[in-house]
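Note that the numbering used here has the sequence shown beginning at 10, numbered continuously upward.
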Amino acid sequence: MKKKYVLVLVLAFVIQLSSIAQQQLQGIVKDIHNSPLPGVSIIIEGTSSGTSSNFDGKFQLNTSKQFPFNIKVSFLGFKSKIIEVKNNKVQTILLEESFELMDEVVLTASRKAEKRIDAPASVSIISSKKILSKPVENPVKALTGLVGVEVSEENAGQYSVTLRGGRYPFGNETLIMVDNRNIKIPGFDVADLGRLPMISEDIQQIEVVRGPASAMYGPGVTSGVVHFMTKSPIDYPGTTITMGLGTNSTFTAGVKHAIKFSDKFGVKISAKYYSAEAWKYDPKDPI
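Shown next, in the form of C-alpha coordinates:
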(Lines of atoms letter the chains of each structure in order from A and count residues from 1; the text may use other names and numbers.)
(Lines give C-alpha, C1' and ligand atoms only; values in the text may rest on other atoms or scores of the structure.)
Protein backbone atom coordinates (compact mmCIF):
# COMPACT_ATOMS: atom_id res chain seq x y z
CA MET A 1 0.00 0.00 0.00
CA LYS A 2 2.93 2.32 0.76
CA LYS A 3 4.34 1.77 -2.72
CA LYS A 4 1.11 3.01 -4.31
CA TYR A 5 1.17 6.28 -2.34
CA VAL A 6 4.77 6.91 -3.26
CA LEU A 7 4.04 6.33 -6.93
CA VAL A 8 1.11 8.75 -6.87
CA LEU A 9 3.23 11.47 -5.21
CA VAL A 10 6.04 11.10 -7.73
CA LEU A 11 3.64 11.30 -10.66
CA ALA A 12 2.00 14.42 -9.24
CA PHE A 13 5.39 16.07 -8.78
CA VAL A 14 6.42 15.34 -12.38
CA ILE A 15 3.13 16.66 -13.73
CA GLN A 16 3.52 19.86 -11.72
CA LEU A 17 7.05 20.45 -13.09
CA SER A 18 5.84 19.78 -16.60
CA SER A 19 3.07 22.34 -16.31
CA ILE A 20 5.52 24.98 -15.03
CA ALA A 21 7.96 24.44 -17.92
CA GLN A 22 5.22 24.84 -20.52
CA GLN A 23 4.49 28.54 -19.85
CA GLN A 24 4.77 30.39 -23.12
CA LEU A 25 5.09 34.08 -23.87
CA GLN A 26 4.08 35.36 -27.30
CA GLY A 27 3.95 38.81 -28.81
CA ILE A 28 4.76 41.20 -31.63
CA VAL A 29 7.02 44.25 -31.66
CA LYS A 30 6.20 47.31 -33.80
CA ASP A 31 7.30 50.91 -34.13
CA ILE A 32 5.02 53.88 -33.57
CA HIS A 33 4.04 53.73 -37.25
CA ASN A 34 2.70 50.20 -36.74
CA SER A 35 5.49 48.58 -38.80
CA PRO A 36 6.92 45.28 -37.49
CA LEU A 37 10.48 45.34 -36.15
CA PRO A 38 12.65 42.26 -36.83
CA GLY A 39 15.65 41.37 -34.67
CA VAL A 40 14.38 42.96 -31.45
CA SER A 41 15.89 41.49 -28.27
CA ILE A 42 13.43 40.24 -25.61
CA ILE A 43 14.99 39.08 -22.32
CA ILE A 44 13.32 38.06 -19.05
CA GLU A 45 14.81 40.21 -16.29
CA GLY A 46 16.88 38.33 -13.74
CA THR A 47 17.42 35.37 -16.07
CA SER A 48 19.42 34.45 -19.13
CA SER A 49 16.27 33.43 -21.02
CA GLY A 50 15.58 35.45 -24.11
CA THR A 51 14.74 35.50 -27.78
CA SER A 52 14.44 37.89 -30.72
CA SER A 53 11.60 38.86 -33.02
CA ASN A 54 11.38 37.37 -36.51
CA PHE A 55 10.94 39.16 -39.84
CA ASP A 56 7.29 39.88 -39.02
CA GLY A 57 8.17 41.29 -35.59
CA LYS A 58 6.71 38.25 -33.79
CA PHE A 59 8.42 36.38 -30.97
CA GLN A 60 7.80 33.31 -28.81
CA LEU A 61 9.52 32.47 -25.54
CA ASN A 62 9.15 29.46 -23.23
CA THR A 63 9.98 29.95 -19.57
CA SER A 64 9.62 28.27 -16.21
CA LYS A 65 9.33 31.62 -14.45
CA GLN A 66 5.97 32.29 -12.82
CA PHE A 67 3.79 35.24 -13.76
CA PRO A 68 4.09 38.13 -13.20
CA PHE A 69 7.64 38.97 -14.35
CA ASN A 70 9.39 41.74 -16.28
CA ILE A 71 10.86 41.56 -19.76
CA LYS A 72 13.37 43.98 -21.28
CA VAL A 73 12.79 44.88 -24.93
CA SER A 74 15.67 46.59 -26.76
CA PHE A 75 16.64 47.37 -30.33
CA LEU A 76 19.35 49.54 -31.89
CA GLY A 77 18.00 52.99 -32.72
CA PHE A 78 14.99 52.65 -30.40
CA LYS A 79 14.34 53.36 -26.73
CA SER A 80 14.50 50.25 -24.53
CA LYS A 81 11.40 49.23 -22.60
CA ILE A 82 10.79 47.20 -19.44
CA ILE A 83 7.32 45.64 -19.45
CA GLU A 84 5.52 43.70 -16.73
CA VAL A 85 3.93 40.49 -18.05
CA LYS A 86 1.01 39.25 -15.93
CA ASN A 87 -0.29 36.40 -18.10
CA ASN A 88 0.39 34.48 -21.29
CA LYS A 89 -1.77 36.66 -23.52
CA VAL A 90 -0.21 37.87 -26.77
CA GLN A 91 1.79 41.03 -26.08
CA THR A 92 1.82 43.97 -28.49
CA ILE A 93 4.87 46.14 -27.85
CA LEU A 94 5.49 49.56 -29.41
CA LEU A 95 9.00 51.04 -29.48
CA GLU A 96 9.88 54.70 -30.00
CA GLU A 97 12.85 55.85 -32.05
CA SER A 98 15.86 57.14 -30.16
CA PHE A 99 18.15 59.78 -31.65
CA GLU A 100 21.65 59.71 -30.18
CA LEU A 101 24.68 61.64 -31.40
CA MET A 102 27.47 59.13 -32.00
CA ASP A 103 31.13 59.70 -32.75
CA GLU A 104 31.80 60.94 -36.26
CA VAL A 105 33.53 58.61 -38.69
CA VAL A 106 35.68 60.26 -41.34
CA LEU A 107 36.65 58.27 -44.44
CA THR A 108 39.18 59.29 -47.06
CA ALA A 109 39.99 57.51 -50.29
CA SER A 110 42.22 57.81 -53.32
CA ARG A 111 41.80 56.57 -56.87
CA LYS A 112 43.55 53.26 -56.32
CA ALA A 113 44.04 50.73 -53.54
CA GLU A 114 47.17 51.44 -51.54
CA LYS A 115 48.67 50.81 -48.14
CA ARG A 116 48.01 53.31 -45.41
CA ILE A 117 51.74 53.91 -44.95
CA ASP A 118 52.00 54.90 -48.62
CA ALA A 119 49.06 57.34 -48.52
CA PRO A 120 49.08 59.18 -45.18
CA ALA A 121 46.23 61.58 -44.53
CA SER A 122 45.46 63.49 -41.37
CA VAL A 123 41.84 64.66 -41.29
CA SER A 124 40.15 67.10 -38.89
CA ILE A 125 36.48 68.06 -38.71
CA ILE A 126 35.23 71.32 -37.19
CA SER A 127 31.52 71.00 -36.47
CA SER A 128 28.93 73.78 -36.64
CA LYS A 129 28.73 73.79 -32.84
CA LYS A 130 32.47 74.43 -32.50
CA ILE A 131 32.39 77.16 -35.14
CA LEU A 132 29.62 79.06 -33.36
CA SER A 133 31.41 78.71 -30.01
CA LYS A 134 34.09 81.09 -31.35
CA PRO A 135 32.82 84.68 -31.76
CA VAL A 136 34.64 85.54 -35.00
CA GLU A 137 33.60 87.78 -37.89
CA ASN A 138 35.03 85.37 -40.48
CA PRO A 139 34.61 81.56 -40.50
CA VAL A 140 38.28 81.23 -41.54
CA LYS A 141 39.29 82.17 -37.99
CA ALA A 142 37.65 78.97 -36.75
CA LEU A 143 40.75 77.19 -38.09
CA THR A 144 42.98 79.02 -35.61
CA GLY A 145 44.66 76.64 -33.18
CA LEU A 146 44.23 73.55 -35.34
CA VAL A 147 47.36 71.41 -35.45
CA GLY A 148 49.30 71.87 -38.67
CA VAL A 149 47.18 74.84 -39.78
CA GLU A 150 48.46 78.41 -39.99
CA VAL A 151 45.95 81.26 -40.34
CA SER A 152 47.49 84.64 -41.15
CA GLU A 153 45.67 87.99 -41.24
CA GLU A 154 47.69 89.85 -43.83
CA ASN A 155 45.48 92.93 -43.76
CA ALA A 156 42.15 94.00 -42.34
CA GLY A 157 39.83 91.18 -43.36
CA GLN A 158 42.41 89.53 -45.61
CA TYR A 159 43.40 86.01 -44.58
CA SER A 160 45.57 83.20 -45.86
CA VAL A 161 45.55 79.56 -44.76
CA THR A 162 48.62 77.35 -44.95
CA LEU A 163 48.81 73.65 -44.12
CA ARG A 164 52.06 72.14 -42.89
CA GLY A 165 54.10 75.18 -43.85
CA GLY A 166 53.43 74.88 -47.58
CA ARG A 167 53.95 78.57 -48.40
CA TYR A 168 55.47 79.85 -51.64
CA PRO A 169 56.28 83.36 -53.00
CA PHE A 170 53.23 83.51 -55.28
CA GLY A 171 50.71 81.49 -53.31
CA ASN A 172 50.58 78.15 -51.54
CA GLU A 173 49.67 74.59 -52.33
CA THR A 174 46.57 74.51 -50.12
CA LEU A 175 43.27 73.99 -51.92
CA ILE A 176 40.36 76.05 -50.55
CA MET A 177 36.89 74.76 -51.40
CA VAL A 178 33.31 75.80 -50.64
CA ASP A 179 30.64 73.16 -51.26
CA ASN A 180 32.92 71.12 -53.57
CA ARG A 181 33.95 74.18 -55.62
CA ASN A 182 37.49 75.53 -55.91
CA ILE A 183 37.38 79.22 -54.93
CA LYS A 184 40.92 80.15 -55.96
CA ILE A 185 41.18 83.00 -58.46
CA PRO A 186 42.18 81.48 -61.83
CA GLY A 187 45.74 82.32 -62.83
CA PHE A 188 46.71 83.76 -59.45
CA ASP A 189 46.59 80.65 -57.24
CA VAL A 190 45.10 82.63 -54.34
CA ALA A 191 41.73 82.60 -52.60
CA ASP A 192 40.12 85.80 -51.33
CA LEU A 193 39.08 84.41 -47.95
CA GLY A 194 38.07 87.83 -46.67
CA ARG A 195 35.17 88.01 -49.11
CA LEU A 196 33.62 84.59 -48.74
CA PRO A 197 29.84 85.14 -49.16
CA MET A 198 28.88 83.02 -46.17
CA ILE A 199 28.29 83.50 -42.47
CA SER A 200 29.39 81.29 -39.61
CA GLU A 201 25.78 80.37 -38.81
CA ASP A 202 25.38 78.85 -42.29
CA ILE A 203 28.37 76.47 -42.10
CA GLN A 204 27.62 72.79 -41.51
CA GLN A 205 31.26 71.82 -40.97
CA ILE A 206 34.84 72.49 -42.07
CA GLU A 207 36.97 69.58 -43.26
CA VAL A 208 40.76 69.85 -43.19
CA VAL A 209 42.87 67.24 -45.01
CA ARG A 210 46.60 67.63 -44.36
CA GLY A 211 49.17 66.25 -46.74
CA PRO A 212 49.34 65.58 -50.49
CA ALA A 213 45.90 65.21 -52.04
CA SER A 214 46.49 65.67 -55.77
CA ALA A 215 45.22 62.16 -56.49
CA MET A 216 41.78 63.17 -55.24
CA TYR A 217 41.58 66.90 -56.06
CA GLY A 218 43.87 67.47 -59.03
CA PRO A 219 47.37 68.92 -59.53
CA GLY A 220 49.02 71.41 -57.20
CA VAL A 221 47.49 70.19 -53.94
CA THR A 222 50.64 69.23 -52.08
CA SER A 223 49.88 70.78 -48.69
CA GLY A 224 46.26 69.77 -48.20
CA VAL A 225 42.64 70.82 -48.51
CA VAL A 226 40.35 73.11 -46.50
CA HIS A 227 36.70 72.47 -47.37
CA PHE A 228 33.90 74.74 -46.10
CA MET A 229 30.56 72.90 -46.29
CA THR A 230 27.43 75.03 -45.86
CA LYS A 231 24.02 73.91 -44.67
CA SER A 232 21.48 72.52 -47.12
CA PRO A 233 18.43 74.74 -47.78
CA ILE A 234 16.31 71.58 -47.62
CA ASP A 235 17.38 70.71 -44.08
CA TYR A 236 17.80 74.28 -42.81
CA PRO A 237 15.21 76.59 -44.42
CA GLY A 238 14.63 80.10 -43.12
CA THR A 239 16.35 83.46 -42.80
CA THR A 240 19.38 84.36 -40.70
CA ILE A 241 20.78 87.88 -40.27
CA THR A 242 24.03 88.71 -38.48
CA MET A 243 25.87 91.92 -37.60
CA GLY A 244 29.18 92.59 -35.88
CA LEU A 245 31.54 95.37 -34.78
CA GLY A 246 35.26 95.28 -34.05
CA THR A 247 38.48 97.21 -33.81
CA ASN A 248 39.83 99.36 -36.67
CA SER A 249 36.26 100.47 -37.45
CA THR A 250 35.35 96.93 -38.42
CA PHE A 251 31.72 96.36 -39.40
CA THR A 252 30.26 93.12 -40.73
CA ALA A 253 26.76 92.18 -41.82
CA GLY A 254 25.47 89.01 -43.38
CA VAL A 255 22.22 87.42 -44.46
CA LYS A 256 21.17 83.94 -45.50
CA HIS A 257 17.75 83.09 -46.90
CA ALA A 258 16.87 79.48 -47.73
CA ILE A 259 13.64 78.14 -49.23
CA LYS A 260 12.60 74.49 -49.32
CA PHE A 261 10.35 73.62 -52.25
CA SER A 262 10.36 69.84 -51.79
CA ASP A 263 12.35 67.06 -50.16
CA LYS A 264 14.75 67.14 -53.12
CA PHE A 265 14.85 70.79 -54.17
CA GLY A 266 15.71 73.97 -52.35
CA VAL A 267 17.25 77.40 -53.00
CA LYS A 268 19.57 79.46 -50.84
CA ILE A 269 20.82 83.04 -51.23
CA SER A 270 23.57 84.45 -49.04
CA ALA A 271 25.38 87.79 -48.94
CA LYS A 272 27.96 89.42 -46.72
CA TYR A 273 29.29 92.94 -46.19
CA TYR A 274 32.63 93.78 -44.58
CA SER A 275 34.42 97.07 -44.00
CA ALA A 276 37.44 98.03 -41.90
CA GLU A 277 40.36 100.44 -41.79
CA ALA A 278 43.66 98.69 -42.34
CA TRP A 279 45.44 101.82 -41.22
CA LYS A 280 44.47 105.44 -40.76
CA TYR A 281 46.61 108.35 -41.88
CA ASP A 282 47.19 110.94 -39.18
CA PRO A 283 49.02 114.06 -40.44
CA LYS A 284 49.89 115.02 -36.87
CA ASP A 285 51.69 111.75 -36.23
CA PRO A 286 55.45 112.50 -36.39
CA ILE A 287 56.13 108.96 -37.55
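We put the beta carbon where it would ideally sit given N, CA and C, even for glycine.
Backbone CA spacing between residue i and residue j [nearest angstrom]
{"i": "P206", "j": "A267", "result": "14 angstroms"}
{"i": "E286", "j": "M252", "result": "17 angstroms"}
{"i": "S107", "j": "V156", "result": "35 angstroms"}
{"i": "V160", "j": "V235", "result": "12 angstroms"}
{"i": "Q214", "j": "S137", "result": "5 angstroms"}
{"i": "F87", "j": "E105", "result": "6 angstroms"}
{"i": "S284", "j": "S133", "result": "31 angstroms"}
{"i": "E216", "j": "I135", "result": "7 angstroms"}
{"i": "F260", "j": "I102", "result": "58 angstroms"}
{"i": "G36", "j": "S61", "result": "11 angstroms"}
{"i": "M238", "j": "N164", "result": "25 angstroms"}
{"i": "I243", "j": "K143", "result": "26 angstroms"}
{"i": "V199", "j": "N63", "result": "59 angstroms"}
Backbone secondary structure at residue i - three-state DSSP
{"i": "L46", "result": "coil"}
{"i": "Y168", "result": "strand"}
{"i": "E93", "result": "strand"}
{"i": "Y205", "result": "It is Leu, not Tyr, that sits at residue 205 in the sequence shown. Reduced to three states, the DSSP call for L205 is coil."}
{"i": "D211", "result": "helix"}
{"i": "K150", "result": "helix"}
{"i": "Y226", "result": "helix"}
{"i": "R125", "result": "Per-residue confidence for R125 stands at a pLDDT of 43, beneath the threshold of 50, marking its modelled position as unreliable; no derived number is given."}
{"i": "S58", "result": "coil"}
{"i": "K281", "result": "strand"}
{"i": "L34", "result": "strand"}
{"i": "N191", "result": "strand"}
The alpha helix (DSSP H) enclosing residue i, as first and last residue numbers
{"i": "S138", "result": "The displayed chain sequence assigns Lys, not Ser, to residue 138. 137-141 is the extent of the alpha helix (DSSP H) around K138."}
Supposed contact pair residue j and residue i - C-beta distance, whole angstroms, cut 8 angstroms
{"i": "F76", "j": "I51", "result": "The Cβ separation is near 16 angstroms, so there is no contact."}
{"i": "Y226", "j": "L184", "result": "5 angstroms"}
{"i": "G66", "j": "V94", "result": "The Cβ separation is near 17 angstroms, so there is no contact."}
Beta strand (DSSP E) segment containing residue i, residue limits
{"i": "G220", "result": "Run containing G220: none; DSSP gives neither H nor E here."}
{"i": "N71", "result": "67-72"}
{"i": "N79", "result": "78-83"}
{"i": "K88", "result": "Where K88 is concerned, there is no enclosing beta strand (DSSP E), given that its DSSP letter is neither H nor E."}
{"i": "G253", "result": "247-255"}
{"i": "F260", "result": "259-269"}
{"i": "G157", "result": "Element bounds for G157: n/a, residue is neither H nor E."}
Residue burial classification, residue i (beta-carbon count within 10 angstroms, cutoff 16)
{"i": "N43", "result": "exposed"}
{"i": "D211", "result": "buried"}
{"i": "V149", "result": "buried"}
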